[in-house]
Amino acid sequence: MSPSEVDMKAYEEFLKGIWRENPVFVQVLGMCPMLAVTNTAVNAIAMGGATTFVLLGSSFLISLLRRFVPKEVRISTYIVVIATFVTAADFLLQAIVPAVHKELGAFISLIVVNCLILGRQEAFASKHSVRFALADAAGMSVGFTIALFLLGASREVLGFGSLFGVPLFGSTFEPWVVMILPPGGFIMLGLLLLIGNAWKQRRLQASKLERRAA
Amino acid sequence: MADLLWIFIGAALVQNFTLSYFLGLCPFFGVSGRLDVAFRLGLASTFVMCIASAGAWALESYVLVHAPYLRLITFIVVIASTVQFVEMAVKKLSPGLFRALGIFLPLMTTNCAILGLALFQTQKGYGFVQGQVFALGGGLGFTLALVLMAGLRVEAQLSDVPSVIRGTALNLIIAGILSLAFMGFAGLFGEA
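In structure tokens, the structure reads:
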């Protein structure tokens, strides 16, 4: 492959995480941290940032080490690498944004068991070179963060009537409290997936009609 | 005694791990297709939780006081080895269950409910007995949520649902309604 072709391929690996294989909306991975912390847009972005840091770091390291890790102990190795990066992310957040760290609490530590991260190591980073692994990790992280933001923003708008803490509707707005409580997380994600499904079905039907017309 | 009872009920119902902390969602959506499998996975998780809780307590009181930054790494190693042990035991004792659980048995390592339990226990400063009760309550609450979800999903399969909502979207909305129902327990003992 020529250098430009390699770039193209890396770019494609990056894009697939955002759209075609979006970790949240298509693969439905990493739901636990996603639903737990997305009651406001700021929390959602902090969580997305922390996950991005961990995913990039561990994909980089595991892709470097991929020839040295014996197959039998690979999962344990991945977990230990991921746990190390999560510990670092935990301390970093605590130092930089203590308020957000307090709000997210144990869920930062729980990034360790985010299936998305382990899944990417097993399915991608352990089989590809560093450049592709990083591209893949970056794409997945951006896709994950976008999804978190969508969920967090829509829950905050409905549940608090604000976005990033800025009130949107004035004092007459009656907040839809259930949206920021646990059930709201499930229902909102369900609705987002539902919209995605409806859009996909509609496109499928449109392409069928087109074929019939042709 | 009343204290322990409160911890138990709190973990099982009021702050149900799955439905109000969103822990253990992967198996919650993954294995809740069949009632019997869901029940047994729940019990296996409860067992791992109890061992993980004991391990976390021992580590916390003897090792981590000297090196708190190792908490996450040591916890996950304890959980991973317990899961490995349970996997071998299940394979030997009940091959049918082993096949039915498939990938979700090793995936228990990354079940956030188990790690979450160990972390929450530390956060709340529970001792050994309190930790065991907490683990038992959390595990049984997880089992209860799994079984309820499995029952609802079986019902949903038989009913006439528009095709656009079938699959994950429907499961999520069912879980949301279930979670709404569990919020009713919140007033059970006043403020938690």
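So the protein lines, in turn, are chains A and B. Sequential numbering of the first sequence, starting at 1, is according to my numbering. Sequential numbering of the second sequence, starting at 215, is according to my numbering. We put the CB at the ideal spot given by N, CA and C, even for glycine.
Neighbouring residues, chain D, relative to methionine 397 (chain B) (Cβ below 9 Å): In summary, chain D is missing from the structure at hand, where the protein chains are A and B.
Contact belief for leucine 329 (chain B) with valine 86 (chain A) at Cβ below 8 Å, rounded distance in angstroms: Position 115 of the second sequence, counting from 1, holds the residue named residue 329 (chain B). Position 86 of the first sequence, counting from 1, holds the residue named residue 86 (chain A). The C-beta separation of leucine 329 (chain B) from valine 86 (chain A) comes to about 11 Å, leaving the pair out of contact by the 8 Å criterion.
Neighbour flag for leucine 286 (chain B) against chain A, beta carbons, 8 Å: Locating residue 286 (chain B) in the second sequence gives position 72, counting from the first residue. Chain A contact via Cβ: present.
Closest by C-alpha distance to alanine 252 (chain B), when choosing among B:Phe318, B:Phe399, B:Phe396, B:Gly398: In the second sequence, the residue the question calls residue 252 (chain B) occupies position 38. Cα-wise, what sits closest to alanine 252 (chain B) is B:Phe318.
Integer Cβ distance of leucine 227 (chain B) from phenylalanine 396 (chain B), believed to fall under 8 Å: Position 13 of the second sequence, counted from the first residue, corresponds to residue 227 (chain B). Position 182 of the second sequence, counted from the first residue, corresponds to residue 396 (chain B). Contact flag correct, Cβ pair sits at about 7 Å.
C-alpha gap between serine 207 (chain A) and alanine 198 (chain A), whole angstroms: In the first sequence, the residue the question calls residue 207 (chain A) occupies position 207. In the first sequence, the residue the question calls residue 198 (chain A) occupies position 198. Each residue's Cα considered, the two are about 14 Å apart.
Members of the region 73-86 of chain A near chain B, C-beta cut-off 9 Å: Ile75, Ser76, Ile79, Val80, Ile82, Ala83, Thr84, Val86
Per-residue DSSP class, three states only, for leucine 92 (chain A): Counting from one through the first sequence, the residue named residue 92 (chain A) turns up at place 92. Of the three classes helix, strand and coil, the one that applies to leucine 92 (chain A) here is helix, per DSSP.
Which of helix, strand or coil DSSP assigns to serine 234 (chain B): Here the question's residue 234 (chain B) lines up with position 20 in the second sequence. Helix at serine 234 (chain B).
Terminal residues of the alpha helix (DSSP H) in which asparagine 43 (chain A) lies: By 1-based counting over the first sequence, the position of residue 43 (chain A) is 43. Counting along the chain, the alpha helix (DSSP H) containing asparagine 43 (chain A) begins and ends at 41-64.
Beta-carbon proximity of isoleucine 370 (chain B) to valine 304 (chain B), cut-off 8 Å: Along the second sequence, one-based indexing puts residue 370 (chain B) at 156. Along the second sequence, one-based indexing puts residue 304 (chain B) at 90. According to the sequence provided, residue 370 (chain B) is alanine. The question's isoleucine does not apply to it. The answer is no: Cβ separation not under 8 Å.
Rounded Cβ spacing between proline 184 (chain A) and arginine 211 (chain A) (contact assumed at less than 8 Å): Taking the first sequence and counting its residues from 1, the one referred to as residue 184 (chain A) is at position 184. Taking the first sequence and counting its residues from 1, the one referred to as residue 211 (chain A) is at position 211. Going by the sequence as given, residue 184 (chain A) is glycine instead of proline. The Cβ separation is near 41 Å, so there is no contact.
Euclidean distance between Cα positions of leucine 150 (chain A) and leucine 307 (chain B): Translated into the one-based positions of the first sequence, residue 150 (chain A) becomes position 150. Translated into the one-based positions of the second sequence, residue 307 (chain B) becomes position 93. About 46 Å.
Own chain residues within Cβ distance below 8 Å of valine 113 (chain A), not counting five before or after: By 1-based counting over the first sequence, the position of residue 113 (chain A) is 113. Closer than 8 Å at Cβ, skipping near neighbours: Cys32.
Chain A within 8 Å of alanine 272 (chain B), Cβ atoms only: Position 58 of the second sequence, counting from 1, holds the residue named residue 272 (chain B). Alanine 272 (chain B) does not count as touching chain A.
Stretch pair the region 173-190 of chain A + the region 375-387 of chain B: three plus CB contacts closer than 8 Å: yes
Chain A contact for serine 393 (chain B) (CB, 8 Å cutoff): Here residue 393 (chain B) corresponds to residue number 179 of the second sequence, with the count starting at 1. Taking CB atoms only, serine 393 (chain B) has a neighbour in chain A less than 8 Å away.
Cα-Cα separation between leucine 168 (chain A) and leucine 354 (chain B), rounded to whole angstroms: On the first sequence, residue 168 (chain A) is found 168 positions in, with the first residue counted as 1. On the second sequence, residue 354 (chain B) is found 140 positions in, with the first residue counted as 1. Taking the straight line joining both Cα atoms gives about 42 Å.
Three-state secondary structure (DSSP) of proline 23 (chain A): The sequence position of residue 23 (chain A) within the first sequence is 23, counting from 1. Here proline 23 (chain A) sits in coil by DSSP.
Stretch pair the region 15-31 of chain A + the region 67-79 of chain A: three plus CB contacts closer than 8 Å: no
Beta-carbon proximity check, threonine 63 (chain A) vs arginine 120 (chain A), cutoff 8 Å: What you label residue 63 (chain A) is simply residue 63 of the first sequence in a count that begins at 1. What you label residue 120 (chain A) is simply residue 120 of the first sequence in a count that begins at 1. In the sequence as presented, threonine is not what sits at residue 63 (chain A); that position holds serine. No, these two residues do not count as a Cβ contact at 8 Å.
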